[in-house]
Amino acid sequence: PGGQELEAPDTSLTQVTRHKFEFLSVQPRLLNTRCLVISWFYCKTENNQTSMSVQLDASTSSSRLAVSSDRLQVRESAVRSAAPSEEPLAEWPYVLGYAIITAGRHYWEVEVSTNGGWRIGVMSESAPWKRRSHMSPGRGYWTLWKSSSCLWACTEEPTKLQRAAVPRLIGVYVDVGEGQVSFYDVDRRVHIYTFSDTFRCGVVPVFGHLDADTVLKIIPAEMSV
């Protein structure tokens, strides 16, 4: 601030308190090129303006999945129903969030299984979700993927992320104006990965599911760390 020369910031989040977050814009030249982060979040004490109450839209769910009655949790269905004619045919069974993000900054948290496979992030509302499609930025998907033991950024050719442990709680931050989708390890308070792109239409939260060990749970905004 005020023209002062700053070193590239550490990727750890400092002074984070429960319940309250804000996002602080930082000049791109000050950032670690590996992270490609333009926005960063720090604590504040009043009026969270970015936390978003995301719920699952059961009408978009694959027949292989079961959405909880409170629309905050998804797991593999114990009983496989007949697939409707509009069944999504993407690489993975998934369900969308009940929201279309068209402007502003938005943040939500997802509790993920450490021993299963999943994919979370956002997709363009114009993405080909009703036919089989590779889930990559070029097709309108900006997601993080956890395989059996590795974490990947779903770039055109998936980028393996070197991490000591798979996060338990992931923060997802979307800045429409900056064209960014960022992921954070909330417990360890560190940045995971940021996609930078141009959103030509609204984006929708997406929750992909790989196997029976996987449970994805949205943490309500008022409970987010």
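Number 77 in our numbering belongs to position 71 of the sequence shown; there are no gaps in the numbering.
By construction, the Cβ of each residue, glycine as well, lies at the ideal position given by its N, Cα and C atoms.
Rounded to the nearest whole angstrom, the C-alpha separation of Thr165 and Ala159 is 5 Å. DSSP places Pro173 in the coil class of the three-state scheme, outside both helix and strand. With three or more CB-CB distances shorter than 8 Å, the region 119-135 counts as touching the region 211-226. Taking a 10 Å sphere around the C-beta of Gln186, we find 16 or more other C-beta atoms and assign the residue as buried. Note that the region 169-182 does not touch the region 64-72; fewer than 3 beta-carbon pairs, one per stretch, sit closer than 8 Å.
Where Trp98 is concerned, there is no enclosing beta strand (DSSP E), because DSSP gives it neither an H nor an E. Ala227 and Gly103 have their C-alpha atoms roughly 14 Å apart. With a cutoff of 7 Å on beta-carbon distance, Glu115 and Val192 are scored as near each other.
DSSP assignment within the region 202-226 yields the following whole beta strand (DSSP E) runs of 3 residues or more, N-terminal first: 209-215, 221-225. Between Val101 and Val118, the CB-CB gap reaches or exceeds 7 Å. By the Cβ neighbour-count rule, Arg206 is exposed, with fewer than 16 other Cβ atoms within 10 Å of its own. Judged by beta-carbon spacing, Trp124 lies within the 7 Å limit of Leu222, meaning their Cβ atoms are closer than that value.
Per DSSP, reduced to three states, the secondary structure at Ser119 is coil, with no helix or strand assignment.
Taking all protein chains shown into account, Ser155 has fewer than 16 neighbouring C-beta atoms within 10 Å of its C-beta and is therefore exposed.
In the structure shown, Thr161 adopts coil according to DSSP, grouped into three states. Distance from the CA atom of Met141 to the CA atom of Ala171, rounded to whole angstroms, is 24 Å.
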